[in-house]
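Undergrad: Starting off with a structure, shown below.
Numbering (the UniProt record's numbering), first residue to last: 1 to 448.
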């Protein structure tokens with residue numbers, strides 16, 4: 001398109017010298033032809049049609065008003081010179097003929113200039129539309145590429161946080177190993193690669209705030225990281241996710257790093273067990289939402305590593321796991337503003353209570369954590385619901401009430417009122433749980 005426009009503009013711009021040359025040649029040609037064809041009256045003053053007038057007419061149609069005027073003036077000047085040479089004839093100057101020649105010449109020139117202006121307007125309008133079309137085409141292409149990439153990501157793996165956490169718990173629990181060893185580190189890194197599209201990254205163990213000498217797991221052409229890297233050092237000191245997006249704006253002069261991001265692995269009890277350093281990832285994935293997802297996954301990974309290190313024969317493992325998950329939900333609410341809810345349903349220690357507990361286990365969702373407290377004829381069922389907002393909590397309570405009525409024939413009047421909490425922080429969740437335990441002990445004391 002650019003070559004065509006350049007060629008058109010080049011053709012439209014006729015050199016001024018060529019205009020003058022053609023004007024003189026055309027006028028001279030018609031004058032010469034007239035003198036050759038009718039030497040006694042070369043200007044056809046006595047004829048039916050003044051053929052020399054075709055010269056300014058053609059020049060006007062080709063080059064416009066000004067050149068038509070020049071050609072007509074040359075023609076009239078030649079006529080005047082001719083009459084001056086033939087003084088003995090005493091012939092008057094043909095003003096009507098002169099006005100007629102000037103009239104048709106200037107009209108032809110103005111006609112040409114008018115349509116030339118119209119052509120220029122159309123060309124300018126067409127050029128503007130062409131540039132807009134080209135810009136639209138480029139934007140459409142970028143949008144299509146982004147849409148195709150998004151489709152590939154969604155088709156290959158769901159990037160939802162709930163699906164990521166469900167997959168994390170399923171795969172980490174299946175390893176059967178404890179601690180941050182190469183097997184668990186490789187599995188964790190694979191999950192981070194899956195949901196963050198990491199290309200070059202590694203996981204280092206961290207002990208007492210110090211980085212391990214060698215990475216436990218790597219992906220891509222990972223090079224050993226300098227422990228003095230400013231971005232890595234800042235992540236170890238601040239114990240939080242650090243990326244060049246935020247640090248570059250804060251400390252441009254000090255930031256000399258090969259890393260894109262550093263993701264700490266800190267469990268719900270503030271134990272710093274490892275850190276994932278990222279050297280390369282796709283541009284479309286290097287944004288706040290993806291980094292936030294990776295930081296949340298890293299925290300849950302640290303909890304799982306610590307949980308697997310606990311002696312599985314301990315009878316309080318289930319309760320410890322519940323408390324750990326509660327702390328994690330509270331930490332996520334504080335740090336990432338993620339919703340979470342907890343429900344406590346007191347039931348009797350009888351057949352009905354067991355049926356209710358079994359039904360709650362039956363309708364448990366993938367991330368829900370259910371535990372029970374038993375105290376001398378009193379059973380409290382606790383349901384922790386990560387990633388559940390107020391509407392989700394209300395919907396769960398309604399489904400529970402409908403299910404107990406339809407499946408077990410129990411009505412709301414036969415059940416105790418469930419106690420619920422929308423989790424905003426760890427301190428709030430701990431206070432609510434401690435109050436629930438105190439209420440349980442007081443109820444038992446009154447019963448005795």
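C-beta atoms are modelled at their ideal positions from N, C-alpha and C, and glycine is treated no differently. Computed from a predicted structure; not experimentally measured.
1) Tell me whether residue 155 is buried or exposed, calling it buried when 16 or more other Cβ atoms sit within 10 Å of its Cβ.
2) Just grab the DSSP bridge partners of residue 401 for me.
3) Can you give the Cα-Cα distance for residue 405 and residue 416, rounded to whole angstroms?
4) Taking residue 366 as the reference, which of 354, 383 and 375 has the closest Cα?
5) Helix, strand or coil for residue 286 per DSSP?
6) How many Å lie between residue 385 and residue 203 at the Cα?
7) For the alpha helix (DSSP H) that residue 183 lies in, which residues bound it at each end?
8) Would residue 263 and residue 295 qualify as a contact pair, given that the criterion is a beta-carbon distance under 8 Å?
9) Shortest alpha-carbon distance to residue 201 belongs to which of 223, 96 and 355?
10) Consider the Cβ of residue 426: report whether some Cβ of chain C lies at a distance smaller than 8 Å.
11) Terminal residues of the continuous beta strand (DSSP E) containing residue 465?
12) Going straight from the alpha carbon of residue 266 to that of residue 332, what length do you get?
13) Among all the DSSP beta bridges, which residues are the ones paired with residue 381?
14) Which residues in the same chain have their Cβ closer than 7 Å to the Cβ of residue 61, if we skip the five residues on either side of it in sequence?
15) Hey, residue 308 and residue 321: beta-carbon distance below 8 Å or not?
16) Do you know whose CA, among 271, 284 and 57, lies nearest residue 240's CA?
17) Spatial neighbours of residue 419 within its chain, please: CB distance less than 6 Å, with the 5 preceding and 5 following residues excluded, ordered by chain position.
18) Pop quiz: residue 372 and residue 381 are said to be a contact at Cβ under 8 Å. What is the actual Cβ separation, rounded to whole angstroms?
19) Name the residue from 433, 76, 276 and 172 whose alpha carbon lies nearest to the alpha carbon of residue 211.
20) Tell me whether residue 359 sits in a helix, a strand or coil according to DSSP, three-state version.
21) Measuring alpha carbon to alpha carbon, tell me which residue in 431, 81 and 260 is nearest residue 281.
22) My assumption, with CB atoms under 8 Å, is that residue 69 sits in contact with residue 106. Please give the rounded CB distance.
23) Can you round the beta-carbon distance between residue 324 and residue 268 to whole angstroms, since I take them to be within the 8 Å contact cut?
24) Do you know how far the Cα of residue 129 is from the Cα of residue 74?
TA: Let me lay it out:
1) Here residue 155 corresponds to residue number 155 of the chain shown, with the count starting at 1. Because the pLDDT at residue 155 is just 46, under 50, the model does not fix this residue reliably, and the value given afterwards should be weighed accordingly. By the 16-neighbour rule on beta-carbons within 10 angstroms, residue 155 is exposed.
2) Position 401 of the chain shown, counted from the first residue, corresponds to residue 401. Note: residue 401 sits in no beta bridge, so no partner.
3) Reading the chain shown from its first residue, position 405 is the one you call residue 405. Reading the chain shown from its first residue, position 416 is the one you call residue 416. Note on geometry: alpha-carbon atoms of residue 405 and residue 416 lie some 14 Å from one another.
4) For the purposes of this step, residue 366 is taken as the residue at position 366 of the chain shown. It is 383.
5) Residue numbering aside, residue 286 sits at position 286 when the chain shown is read from its first letter. Residue state, collapsed to three classes: coil.
6) Indexing the chain shown from 1 puts residue 385 at position 385. Indexing the chain shown from 1 puts residue 203 at position 203. Distance between the alpha carbons of residue 385 and residue 203: 30 Å.
7) By 1-based counting over the chain shown, the position of residue 183 is 183. Residue 183 -> alpha helix (DSSP H) spans 182 to 196.
8) On the chain shown, residue 263 is found 263 positions in, with the first residue counted as 1. On the chain shown, residue 295 is found 295 positions in, with the first residue counted as 1. Their beta carbons are under 8 Å apart, which means residue 263 touches residue 295 by this criterion.
9) Working through the chain shown from its first residue, we reach residue 201 at position 201. With distances taken between Cα atoms, residue 201 lies closest to 223.
10) Of the chains in the structure shown, none is chain C; there is only one protein chain.
11) Coverage of the chain is limited to positions 1 through 448, which leaves residue 465 absent and any answer about it impossible.
12) Your numbering for residue 266 matches position 266 in the chain shown. Your numbering for residue 332 matches position 332 in the chain shown. So the alpha carbons of these two residues sit roughly 12 Å apart.
13) Position 381 of the chain shown, counted from the start, is the residue given in the question as residue 381. BP columns for residue 381 point to 345 and 372.
14) For the purposes of this step, residue 61 is taken as residue 61 along the chain shown, with counting starting at 1. Correct list, in chain order: 108 and 112.
15) Here residue 308 corresponds to residue number 308 of the chain shown, with the count starting at 1. Here residue 321 corresponds to residue number 321 of the chain shown, with the count starting at 1. Going by C-beta atoms, residue 308 is not nearer than 8 Å to residue 321.
16) Counting from 1 along the chain shown, the entry for residue 240 is found at position 240. The shortest Cα separation from residue 240 among 271, 284 and 57 belongs to 271.
17) As a first step, residue 419 must be located in the chain shown, where it is residue number 419. Around residue 419: 344.
18) Indexing the chain shown from 1 puts residue 372 at position 372. Indexing the chain shown from 1 puts residue 381 at position 381. Yes, they are in contact, since the Cβ atoms of residue 372 and residue 381 sit about 6 Å apart, within 8 Å.
19) Residue 211 sits at position 211 when you count from the first residue of the chain shown. Checked all of 433, 76, 276 and 172; the closest Cα to residue 211 is 276.
20) In the chain shown, counting from the first residue as 1, residue 359 sits at position 359. DSSP places residue 359 in helix when its eight states are reduced to three.
21) Your numbering for residue 281 matches position 281 in the chain shown. For residue 281, the closest of 431, 81 and 260 by C-alpha to C-alpha distance is 260.
22) Here residue 69 is taken as the residue at index 69 of the chain shown, counted from 1. Here residue 106 is taken as the residue at index 106 of the chain shown, counted from 1. At roughly 6 Å, the Cβ-Cβ gap stays under 8 Å, so residue 69 and residue 106 are in contact.
23) Position 324 of the chain shown, counting from 1, holds the residue named residue 324. Position 268 of the chain shown, counting from 1, holds the residue named residue 268. Residue 324 to residue 268, Cβ: 5 Å. Contact.
24) Within the chain shown, numbered from 1, the residue matching residue 74 stands at position 74. Within the chain shown, numbered from 1, the residue matching residue 129 stands at position 129. Within the model, the alpha-carbon separation for residue 74 versus residue 129 is close to 44 Å.
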